[in-house]
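Visitor: Got a structure for you, questions after.
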RNA sequence: GCGCUUGUAGCUCAGCUGGAUAGAGCAACGGCCUUCUAAGCCGUGGGCCACAGGUUCGACUCCUGUCAGGCGCACCA
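In my numbering, the protein residues as written are 20 to 601.
Structure follows, in structure tokens:
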């Protein structure tokens, strides 16, 4: 019973942390007066001729110690004598300290992968991380403009969850905007009932476009829409019923796409959810003297050094704005969660808005960390997507095209798969390729949409990673069929450079995840997995596994199994599902 | 005008918050399937990291300025 409890608490420590702890121990011994370990970092080397891991500690602290970097490095290197993990430590250049791991230690580490979760206890993980993503506008179909927020946000949620944070994924739906006045007018005048029943959002979108078109020549329409909106906001039962109907129909459609994409949320609080909180927020801002009335509106002005435009929180007609809603949302979250931080995933055109909102919330003393994760919006080479222009690519069409292309490749490459499995693989490959296309990039600048680039199946793509996984799984099945299933306790041999560097690469997975979390960059995980696959495929091509003599075979089999395990875990964190055969 | 952001191979992008000789994919060219899935692997060519200063043992990375693209800048979200 007791041992069981203890075992359950075991966590897999990051290799860097193991080595840093050992280094700290040596420092305490040789420099008893030294106490500042804040610059003590161990990291993997970029080139194996400089060892497996290295530290620049000697160079970064030479000044405080009043010694020459090379001498310090020399003394630390000597301290590693007799280490269980480090076989030898070498001083190089101006004071680099290069560490070479013992093969048995590295082998043991690889064997341990997957047995227990990684130990991220050195990170401050108290409280909830709220991730705000996807957030489509009700009554509009989701199109490829929603892709990045949805996919990146969902991945960030998974990354934090993997590290042991308590995460809340929130879909901040646009369910309370001026579009409802227009929709109600359109609904009463131009609705095609049959089309509405057939494909509700498409029809709502059509009447919305119809409204925009007609109101250009008929200014009275806009006024009618305003009246309807006001009625809705004042609780008119008929308009409220329509509003709810639009939301229900929209959510039903969104649900299909989210399910298909493997995206989920914990809460679906739209803007309307915070409506009741907004008057109070504005009042507080006024009472505290943070906001003031200007040109009949309520506005927060910032100090000139902030370089921020004034933030409007209430219009002269009394209505609230986007910023008010986001402030109310922050108020709600800090009152209902013990917040670790809030993360907003939106396109970079909203950067100023979030800077304003964050600054105002600081003025209110709402100091929980908040991060805006911006990305460049997507456009065609010849212009922007716009629902009004009608040139959007709906998300389901994009996925359909991706799956179609994947299916064609499967028919060509693996014609003998059963039909049903082909369909399943095509679905996973197609959807995975689309998601990964966004997850593998870190660019903040705009993206020009291109079918061939988005649906490429070569290079740094989901299909390449999935293929590598399927390949390993196939090998493991063959081994099992031959009565030589992978042994968890196999001794690891690093007879070739390819094996050793692959093993070292495996130690970097939890580091990649951590860095991705710190910088809200799923692409760091994508890059890592791609590198891992390149390493594995080189190994696979150069060295036999199943044909080797038994001891080496079991070693390589276990190494392969660990690669497949990390791949599956990593893809899962990115929200990409892999397949056993493809 | 003010602010944010981007500038790395022909194209698309990485570059681990300052480390050692700047990487990958695509495209081009040349190889590798009677061997564990060729959606793969190996090799060749291709670079004033926009430009100019500064900070230091060390800069693609940090600071300042210049040039160029994108975006935003009071009652939309």
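Don't be surprised by glycine CBs; every beta carbon is placed ideally from N, CA and C. Because the structure is a prediction, the values reported are computed rather than measured.
(1) Would you kindly work out how many angstroms separate the C-alpha atoms of residue 30 and residue 531, rounded to a whole number?
(2) For residue 564, count neighbouring C-beta atoms within 10 Å of its own C-beta (all shown protein chains included) and say buried if the count is 16 or more, exposed if not.
(3) With DSSP run on the structure shown, which of helix, strand or coil describes residue 330?
(4) Identify whether residue 88 lies in helix, strand or coil by the three-state DSSP scheme.
(5) Can you tell me whether DSSP reads residue 602 as helix, strand or coil?
(6) Considering only residues of the same chain and omitting the five flanking positions on each side of residue 557, which have a CB-CB separation below 8 Å?
(7) Residue 192 and residue 526 - do their beta-carbons sit closer together than 9 Å?
(8) According to the neighbour-count rule (16 or more other Cβ atoms, all chains shown, within 10 Å of its Cβ), is residue 424 buried or exposed?
(9) Sorted by chain position, which residues of the same chain lie with C-beta nearer than 7 Å to residue 334's C-beta, five sequence neighbours on each side aside?
(10) Tell me whether residue 54 is buried or exposed, calling it buried when 16 or more other Cβ atoms sit within 10 Å of its Cβ.
(11) Judging by CA-CA distance, which residue of 542, 232, 152 and 265 is the nearest neighbour of residue 202?
(12) Rounded to a whole number of angstroms, what is the C-alpha to C-alpha distance between residue 459 and residue 152?
(13) Under 9 Å, do residue 418 and residue 376 count as touching if we go by C-beta distance?
(14) In the DSSP assignment, what residue or residues form a beta bridge with residue 358?
(15) For residue 104, which residues of its own chain have a beta-carbon under 8 Å away from its beta-carbon, when the five flanking residues on both sides are left out?
(16) Distance check for residue 572 and residue 566, CA to CA, integer angstroms please.
(17) According to DSSP, what are the bridge partners of residue 123?
(18) What did DSSP end up calling residue 160 once you bin it into helix, strand or coil?
(19) Could you give the distance in angstroms between the alpha-carbon of residue 243 and the alpha-carbon of residue 167?
(20) Nearest CA to the CA of residue 112: which residue from 98, 145, 92 and 391?
(21) Indicate whether the contact test is met: 3 or more Cβ pairs, each with one atom in the region 273-287 and one in the region 319-331, closer than 8 Å.
(22) Need the endpoints of the alpha helix (DSSP H) that residue 397 sits in, please.
(23) Based on the DSSP output, what are the partners of residue 63 in its beta bridges?
(24) Would you mind reading off the limits of the alpha helix (DSSP H) that contains residue 269?
(25) Between the region 182-190 and the region 284-300, do at least 3 Cβ pairs fall closer than 8 Å?
(26) Measuring only the C-alpha atoms, how far is residue 598 from residue 130?
Guide: According to the data block:
(1) A straight-line Cα-Cα distance of about 17 Å links residue 30 and residue 531.
(2) buried
(3) Residue 330: strand per DSSP, three-state reduction.
(4) helix
(5) This structure gives no information on residue 602, because the portion of the chain shown stretches from 20 to 601.
(6) 517.
(7) Not in contact: residue 526 and residue 192 (Cβ atoms no closer than 9 Å).
(8) buried
(9) 316 and 340
(10) exposed
(11) 265
(12) 18 Å
(13) Residue 376 sits away from residue 418, with the two beta carbons spaced by 9 Å or more.
(14) Beta-bridge analysis with DSSP links residue 358 to 147.
(15) 37, 38, 41, 120, 121 and 124
(16) 7 Å
(17) The partner list for residue 123 (beta bridge, DSSP) is empty, contrary to what the question assumes.
(18) Three-state DSSP puts residue 160 in coil, outside helix and strand.
(19) 35 Å
(20) 92
(21) no
(22) Element bounds for residue 397: not the alpha helix (DSSP H) but the beta strand (DSSP E), 397-399.
(23) 72
(24) 256-280
(25) yes
(26) 24 Å
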